[in-house]
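Some notes on the structure that comes next.
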Amino acid sequence: MPADFNGQWVMVTNENFEDIMNAIDIDFATRKIARHLTQTKVIVQNGDKFETKTLSTFRNYEVNFTVGEEFEEVTKGLDNRTIQSVFFRHWLPGMETSWWLCRRERRPTVAGCNG
Numbered sequence: 005m006p007a008d009f010n011g012q013w014v015m016v017t018n019e020n021f022e023d024i025m026n027a028i029d030i031d032f033a034t035r036k037i038a039r040h041l042t043q044t045k046v047i048v049q050n051g052d053k054f055e056t057k058t059l060s061t062f063r064n065y066e067v068n069f070t071v072g073e074e075f076e077e078v079t080k081g082l083d084n085r086t087i088q089s090v091f092f093r094h095w096l097p098g099m100e101t102s103w104w105l106c107r108r109e110r111r112p113t114v115a116g117c118n119g
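So this note's numbering is basically just the index in the sequence shown, starting at one, shifted up by 4.
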């Protein structure tokens, strides 16, 4: 059974956030602004289907997906790229009942988790 991610999640720290944004080719100006933001993620989950909203004082962003299914994502209002993304389960070693959702873009770099 998938983990339950329903709820509102507030970013506590953004350590290494700029490095992650740089690795996925987010432009310099957006990186500098984003690293100072506190974001809130609102997630509505129904099994493997997710509706997500990322809220901040700079930009709001919505992405809906089903785990394991590739989809086209337009990062409108962020860095305006069109990318193919897929979210997948990444099991944590030694934690049989826990898993993270990770994003992989169809590009030379992998964002989120290795896998």
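For every residue, glycine included, the Cβ atom is placed at its ideal position computed from N, Cα and C. Only a predicted model underlies this, so the values are computations on that prediction, with no experimental measurement involved.
- Annotation for residue 10: no alpha helix (DSSP H) segment contains it, and DSSP assigns it neither H nor E.
- Going by beta carbons, residue 54 and residue 69 fall inside the 9 Å limit.
- Note on residue 38: 16 or more other CB atoms within 10 angstroms of its CB, so buried under the neighbour-count rule.
- A direct Cα-Cα distance of roughly 31 Å separates residue 74 from residue 40.
- Cβ contact annotation for residue 86 (same chain, cutoff 6 Å, sequence separation greater than five): 78, in chain order.
- Residue state for residue 93 is assigned as strand, using DSSP reduced to three classes.
- With a contact defined as Cβ atoms closer than 8 Å, residue 9 and residue 43 miss out at about 15 Å.
- Taking C-alpha positions only, residue 76 is separated from residue 89 by approximately 6 Å.
- By the Cβ-count criterion, residue 25 is buried, with 16 or more other Cβ atoms from all chains shown falling within 10 Å of its own Cβ.
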